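Reviewing the structure listed below.
In my numbering, the protein residues as written are 18 to 254.
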């Protein structure tokens with residue numbers, strides 16, 4: 018299973034920490050170009066991660082907003098118009114087969130249907146106003162369709178931004194890991210013969226396993242059951 022970008026990012030921070038902690042032993046390594054490359058990759062990772070998190074939060078908000086506007090457009094505007102039309106314009110061929118898209122139809126489908134309904138209903142404003150709708154019911158219907166369409170567009174743009182931030186994260190993770198591989202050669206050469214620090218380095222550069230999940234517990238040894246000598250059964254007369 019491939020490690021996630023977040024786990025690889027953890028490994029980059031581990032490398033930075035190791036190099037900083039042992040700056041005296043690794044002065045030359047820290048002054049070389051690969052260390053600067055690593056630092057810049059980590060800095061950009063933080064920026065892209067913030068962009069990704071912000072976009073994710075915005076998408077969630079837009080999703081809730083879209084559903085609310087969807088319900089308003091369909092239930093508060095389109096359904097009443099269709100219901101009045103079926104009763105008051107029963108013989109009008111324009112309304113012979115008027116239907117509101119079922120709940121669950123795509124938002125784009127609902128917007129298109131609302132715009133078509135506004136065009137037709139606008140030619141019979143007096144009928145709908147006499148039945149109890151507001152004098153500007155067509156304008157309200159159009160405004161509701163516009164609001165839903167706007168949030169559809171905004172949500173699409175935000176999702177594209179999140180995709181871009183994710184791609185940028187992946188690119189910077191690869192850049193950082195490439196720098197680590199170059200640094201690895203220099204560290205091994207510098208610390209040759211220093212077994213404790215080399216062991217610490219190997220741990221620092223390693224991408225950690227996924228944390229937070231259930232761990233497999235070591236199998237407990239089977240309990241020792243003391244062996245007893247069976248006693249002879251005593252029969253009484």
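Every residue gets a Cβ at the ideal spot worked out from N, C-alpha and C, and that includes glycine. As the structure is a prediction and not an experimental result, all values here were calculated from the model.
So, using beta-carbon positions, are residue 162 and residue 132 closer together than 7 Å?
On the chain shown, position 145 is the one that residue 162 refers to. On the chain shown, position 115 is the one that residue 132 refers to. Yes. Within cutoff.
Taking buried to mean at least 16 other C-beta atoms within 10 Å of its own C-beta, is residue 1 buried or exposed?
Only positions 18 to 254 of the chain appear in the structure, and residue 1 is not among them; the question remains open.
Just the C-alpha distance for residue 236 and residue 220, rounded to the nearest angstrom, thanks.
Numbered from 1 along the chain shown, position 219 holds the residue referred to as residue 236. Numbered from 1 along the chain shown, position 203 holds the residue referred to as residue 220. Here residue 236 scores only 35 on pLDDT, less than 50, and its place in the model should not be relied on; the value that follows carries that caveat. Distance between the alpha carbons of residue 236 and residue 220: 26 Å.
Work out the CA separation of residue 80 and residue 212 for me, nearest whole Å.
Within the chain shown, residue 212 is the residue found at index 195, counting from 1. Within the chain shown, residue 80 is the residue found at index 63, counting from 1. The alpha-carbon atoms of residue 212 and residue 80 are separated by roughly 55 Å.
Per the contact definition of three or more C-beta pairs closer than 8 Å, is the segment 58-78 in contact with the segment 180-196?
A contact exists between the segment 180-196 and the segment 58-78.
Considering only residues of the segment 142-205, which uninterrupted alpha helix (DSSP H) runs meet the minimum length of 4 residues and lie entirely inside it, listed in chain order?
Counting whole runs of 4 or more residues, the segment 142-205 contains the alpha helix (DSSP H) stretches 142-147.
Identify which residue in 143, 135, 83 and 115 has its Cα closest to the Cα of residue 168.
Here residue 168 is taken as the residue at index 151 of the chain shown, counted from 1. The option with the nearest alpha carbon to residue 168 is 83.
For residue 140, name the three-state secondary structure that DSSP assigns.
Within the chain shown, residue 140 is the residue found at index 123, counting from 1. Helix at residue 140.
Roughly how many whole angstroms lie between the Cα atoms of residue 231 and residue 22?
The residue you call residue 231 lines up with position 214 of the chain shown. The residue you call residue 22 lines up with position 5 of the chain shown. Any reading at residue 231 needs caution, since the residue's pLDDT is 35, under 50, leaving its predicted position unreliable; the model's value is listed next. Residue 231 and residue 22: Cα-Cα distance of roughly 21 Å.
I need the straight-line Cα distance from residue 140 to residue 98, nearest angstrom please.
As a working mapping, residue 140 is identified with position 123 in the chain shown. As a working mapping, residue 98 is identified with position 81 in the chain shown. Distance between the alpha carbons of residue 140 and residue 98: 13 Å.
In terms of alpha-carbon separation, which member of 120, 187 and 146 lies closest to residue 87?
Position 70 of the chain shown, counting from 1, holds the residue named residue 87. Looking at the Cα atoms, 120 is the closest of the given residues.
On the DSSP letters alone, give me the boundaries of the alpha helix (DSSP H) that residue 121 sits inside.
As a first step, residue 121 must be located in the chain shown, where it is residue number 104. It is not in any alpha helix (DSSP H) - residue 121 carries neither H nor E in the DSSP assignment.
Among the candidates 73, 166 and 204, whose CA atom is the shortest distance from the CA of residue 123?
On the chain shown, residue 123 is found 106 positions in, with the first residue counted as 1. Of the candidates 73, 166 and 204, the one whose C-alpha sits nearest the C-alpha of residue 123 is 166.
Does chain D have any CB closer than 7 Å to the CB of residue 35?
The structure shown has no chain D; it contains just one protein chain.
Nearest CA to the CA of residue 93: which residue from 117, 177 and 188?
As a working note, residue 93 is residue 76 in the chain shown. Measuring from the Cα of residue 93, the nearest candidate turns out to be 117.
Could you tell me the distance, in whole angstroms, from the CA atom of residue 177 to the CA atom of residue 68?
Locating residue 177 in the chain shown gives position 160, where the first residue counts as 1. Locating residue 68 in the chain shown gives position 51, where the first residue counts as 1. Whole-angstrom Cα-Cα distance: 12 Å.
I need the boundaries of the alpha helix (DSSP H) containing residue 60, first residue and last residue.
For the purposes of this step, residue 60 is identified with residue 43 of the chain shown, where counting begins at 1. From DSSP, the alpha helix (DSSP H) with residue 60 extends over 50-88.
If contacts are defined as beta-carbon pairs under 8 Å, then residue 155 and residue 138 qualify, I think. What distance do you get, rounded to the angstrom?
Position 138 of the chain shown holds residue 155. Position 121 of the chain shown holds residue 138. Between residue 138 and residue 155 the Cβ distance is about 6 Å, and since that is below 8 Å, they are a contact.
Using the Cα positions of residue 47 and residue 172, report the straight-line distance between them to the nearest angstrom.
On the chain shown, position 30 is the one that residue 47 refers to. On the chain shown, position 155 is the one that residue 172 refers to. Near 44 Å, if we compare the C-alpha coordinates of residue 172 and residue 47.
Since I believe residue 224 is in contact with residue 24 (beta carbons under 8 Å), could you give me their beta-carbon distance rounded to a whole number of angstroms?
The count along the chain shown starts at 1 and reaches residue 24 at position 7. The count along the chain shown starts at 1 and reaches residue 224 at position 207. About 6 Å separates the two Cβ atoms, so the contact holds.
Rounded to the nearest angstrom, what separates residue 189 and residue 35 at their Cα positions?
Start at 1 with the first residue of the chain shown, and residue 189 comes out as number 172. Start at 1 with the first residue of the chain shown, and residue 35 comes out as number 18. Computed Cα separation, rounded: 20 Å.
Report yes if the CB atom of residue 75 is closer than 7 Å to the CB atom of residue 183, and no otherwise.
Indexing the chain shown from 1 puts residue 75 at position 58. Indexing the chain shown from 1 puts residue 183 at position 166. In this structure, residue 183 does not lie closer than 7 Å to residue 75 by Cβ.
Is the Cβ-Cβ distance between residue 115 and residue 145 less than 7 Å?
On the chain shown, position 98 is the one that residue 115 refers to. On the chain shown, position 128 is the one that residue 145 refers to. In this structure, residue 145 does not lie closer than 7 Å to residue 115 by Cβ.
Give me the Cα-Cα distance between residue 209 and residue 58, rounded to the nearest whole angstrom.
Within the chain shown, the letter at position 192 stands for residue 209. Within the chain shown, the letter at position 41 stands for residue 58. So the two alpha carbons sit approximately 27 Å from each other.
Between which two residues does the alpha helix (DSSP H) holding residue 24 run?
Here residue 24 refers to the residue found at position 7 of the chain shown. First-last of the alpha helix (DSSP H) with residue 24: 22-38.
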